[in-house]
Amino acid sequence: MMSSDEPKPSEPSGTGTGATLPTTPTTAYTEHMRAETQERSTVLSAPPALEAGEGAPSEWRERLGGLLENLRSELLELSHDIHDHPETGWNEHHAMAAVGALLDRHGIAHDDGVFGLETALRAEIGATADGDPIPAVAILCEYDALPGIGHGCGHNVMCAQALGAFLALAALDRELDGGLPGRVVLQTTPAEENSTCKELLAHEGAFDGVGAAVMAHSYGYDLAHQTWLGARRFRVVFTGVPAHASAAPFMGRNALDAAVLALNGISMLRQQLSPTDRVHAIIVDGGQVPNIIPERAEVSARVRSKYPETLVDLFRRVSDIFHGAGLMTGVGVEIIADELPNEMPVRDNRPLLKSWVRAERERGREPLPFGVVTESVAAGTDFGNVSVRIPGIHPLVSVGDESLMLHTREMEEAAGSAAGDAAVLDGAYGLAAVAADYLDDARLREQVQADFEAEGGVIDVEEMFRSM
Numbered sequence: 011m012m013s014s015d016e017p018k019p020s021e022p023s024g025t026g027t028g029a030t031l032p033t034t035p036t037t038a039y040t041e042h043m044r045a046e047t048q049e050r051s052t053v054l055s056a057p058p059a060l061e062a063g064e065g066a067p068s069e070w071r072e073r074l075g076g077l078l079e080n081l082r083s084e085l086l087e088l089s090h091d092i093h094d095h096p097e098t099g100w101n102e103h104h105a106m107a108a109v110g111a112l113l114d115r116h117g118i119a120h121d122d123g124v125f126g127l128e129t130a131l132r133a134e135i136g137a138t139a140d141g142d143p144i145p146a147v148a149i150l151c152e153y154d155a156l157p158g159i160g161h162g163c164g165h166n167v168m169c170a171q172a173l174g175a176f177l178a179l180a181a182l183d184r185e186l187d188g189g190l191p192g193r194v195v196l197q198t199t200p201a202e203e204n205s206t207c208k209e210l211l212a213h214e215g216a217f218d219g220v221g222a223a224v225m226a227h228s229y230g231y232d233l234a235h236q237t238w239l240g241a242r243r244f245r246v247v248f249t250g251v252p253a254h255a256s257a258a259p260f261m262g263r264n265a266l267d268a269a270v271l272a273l274n275g276i277s278m279l280r281q282q283l284s285p286t287d288r289v290h291a292i293i294v295d296g297g298q299v300p301n302i303i304p305e306r307a308e309v310s311a312r313v314r315s316k317y318p319e320t321l322v323d324l325f326r327r328v329s330d331i332f333h334g335a336g337l338m339t340g341v342g343v344e345i346i347a348d349e350l351p352n353e354m355p356v357r358d359n360r361p362l363l364k365s366w367v368r369a370e371r372e373r374g375r376e377p378l379p380f381g382v383v384t385e386s387v388a389a390g391t392d393f394g395n396v397s398v399r400i401p402g403i404h405p406l407v408s409v410g411d412e413s414l415m416l417h418t419r420e421m422e423e424a425a426g427s428a429a430g431d432a433a434v435l436d437g438a439y440g441l442a443a444v445a446a447d448y449l450d451d452a453r454l455r456e457q458v459q460a461d462f463e464a465e466g467g468v469i470d471v472e473e474m475f476r477s478m
């Protein structure tokens, strides 16, 4: 009979050597980055803005500012409500209901669960097509949160910005004699953090008939443009031959060895990569017990790069490493890609950015030009998948201190602060002004399309990844 002080069979009974704690990352890098950013901001030229007479009449922008002031309490309430009820991707039921309730309050019809996505909402205001095509612009709205951190990416602020811009434009449409000269679409885009919803929406036709798309992102700086990397997700399965690890290891082919070799090969590749290229990989299956040569190993991986062409090249180089590891160990290799849609690099449209810069300056902000903040802090977003189909912009709005980094508790706190509230109103004004400029100025629309074509035009995202 087992005595009461003996370990139960289900409990570990080994002798530990004492756990150690991780080292604390130095703040020297971020401190130097801040200092260098400040220095560059005094040297580089300010980003260009639309001139007087370009875009919508200045009276429209003045009225949009007043309309947003009338919406202030409702927009800040929405931002704080979503901030206090964080929901991860595909679970944004509270957020969608809050957005819908505010639209209802303003008498604007909306459709929920659109394009087969349970937490996607769509609303439209403005002119309707009667014969000739009319200009249309989409304002995109994210509202998903991060597991464990909540709104550490500031999507609550971004949601309120988008809705504020849409409601202000709806009010302006009612006030103007004849209404707005075009159509405005509000499209919520769930699951940005854990999926690529905008690719799914694009595939289902959400942006058909839309000429441009705009949204803004929370950050520590006001930036007109920043690098957002494209990404491809994939798995690699190595298949070996099991054998007794002591009695007959020579009869085995070690799948785990191949996985380890591949990760070491990737580490060596990094020395030759562009500073904005990224490769992430983890071993998710490395065998079951140590006395059997592992028959199976699996690696989950992701590559990121700044341009579509370099993303293709990087994936091929990394794929060669995985196949080479298989050859060195005599195991089979299978690369399984695109189980989820991938992210494209963001292509910001320069004429639309000029409109954004003018609007933000009218709010007392000074968006920094590209190159002031280092590209080494680049992340990714599925807005890139929209920006290679139609012209678009994805500028950044400061919600607090310049030390803020995405996906941190500090960012989560800032997203619910007074600085976050200011970003709601200033960002909403910027999005509304850009949309109004685009709808009212035919010459600007021509410039927007010309810039889009000059940067490569429409990319067939599915075909690009199929060809890799």
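Under this note's numbering, residues 11 to 478 are what the sequence shown spells out, in order.
Glycine residues also receive a C-beta, built at the ideal position from the N, C-alpha and C atoms.
Q: Could you tell me whether the segment 50 to 63 touches the segment 114 to 126, where touching means 3 or more Cβ pairs closer than 8 Å?
A: no
Q) What residue range is occupied by the uninterrupted beta strand (DSSP E) comprising Gln197? A) Its beta strand (DSSP E) spans residues 193 to 198.
(Q) Can you find the residues in the same chain that come closer than 7 Å, C-beta to C-beta, to Ser329, ignoring five residues on each side of it along the sequence? (A) Ile345
Q: Using beta-carbon positions only, say whether Gly262 and Arg306 come within less than 9 Å of one another.
A: no
(Q) Within 10 Å of its beta-carbon, does Met354 have 16 or more other beta-carbons around it, so buried, or fewer, so exposed? (A) buried
Q) Which runs of the beta strand (DSSP E) spanning at least 3 residues fall entirely within the segment 285 to 351, listed in chain order? A) 288 to 295, 306 to 315, 342 to 347
Q) Is Gln282 buried or exposed, if buried means 16 or more other CB atoms sit within 10 Å of its CB? A) Around the C-beta of Gln282, fewer than 16 other C-beta atoms lie within 10 Å, and the residue is accordingly described as exposed.
Q | Short Cβ contact (9 Å threshold) for Gly136 with Gly192 | A | yes
Q: Mind checking who His254 pairs with in its DSSP beta bridge?
A: Beta-bridge partners assigned by DSSP to His254: Ile302.
Q. In chain order, what residues of the same chain have a beta carbon less than 7 Å from the beta carbon of Leu113, not counting five sequence neighbours either side?
A. His120, Ala133
Q.
Quick check: Glu422 and Asp411, are their CB atoms within less than 9 Å of each other?
A. no
Q. With distances taken between CB atoms, is the gap from Tyr448 to Ala178 smaller than 9 Å?
A. no
Q) Is it right to say Thr320 is buried, meaning 16 or more other beta carbons lie within 10 angstroms of its own, or is it exposed? A) So Thr320 counts as buried.
Q) Measuring CB to CB, does Arg360 end up less than 9 Å from Val398? A) no
Q. Could you give the uninterrupted runs of the beta strand (DSSP E) lying entirely in the segment 209 to 267, keeping only those of 3 residues or more?
A. 222 to 224, 227 to 229, 238 to 249
Q. Per DSSP, what kind of secondary structure is Asp122 in: helix, strand or coil?
A. strand
Q: Please work out which residues of its chain come closer than 7 Å, Cβ to Cβ, to Pro379, disregarding the five sequence neighbours upstream and downstream, and give them in chain order.
A: Leu54, Ser55, Ala56, Pro57, Ala234, listed in sequence order.
Q. Touching or not, the segment 379 to 395 and the segment 451 to 468, by the rule of three or more beta carbon pairs under 8 Å?
A. no
**Q.** Integer Cβ distance of Glu209 from Val471, believed to fall under 8 Å
**A.** 7 Å
**Q.** Cβ-based burial, Gly426 [other Cβ within 10 Å; buried from 16]
**A.** buried
Q: Between the Cα of Ile92 and those of Met106, Glu79, Asn80, Leu81, spot the shortest distance and give me the residue it belongs to.
A: Met106
(Q) For Ala269 and Gly340, what's the separation of their Cα atoms in angstroms? (A) If you draw a straight line from the Cα of Ala269 to the Cα of Gly340, it is about 12 Å long.
Q | Between the CA atoms of Glu465 and Asp218 - distance to the nearest angstrom | A | Going from the Cα of Asp218 to the Cα of Glu465 covers about 20 Å.
Q. Just curious, the alpha helix (DSSP H) that Val434 is in, first and last residue?
A. Segment 428 to 450, the alpha helix (DSSP H) holding Val434.
Q) According to DSSP, is Gly136 helix, strand or coil? A) In this structure, Gly136 counts as strand in the three-state DSSP scheme.
Q. Are Met415 and Gly275 close, meaning C-beta to C-beta below 9 Å?
A. In this structure, Met415 keeps its C-beta atom at 9 Å or more from the C-beta atom of Gly275.
Q. To the nearest whole angstrom, what separates the beta carbons of Leu271 and Met338, a pair I think is in contact under 8 Å?
A. Right, the Cβ-Cβ distance comes to about 6 Å (below 8 Å), so this counts as a contact.
Q) Roughly how many angstroms separate the alpha carbons of Asp15 and Ile159, rounded to a whole number? A) Only weak support is given to the placement of Asp15: the predicted model assigns it a pLDDT of 47, under 50, and the value that follows is read from those uncertain coordinates. So the two alpha carbons sit approximately 40 Å from each other.
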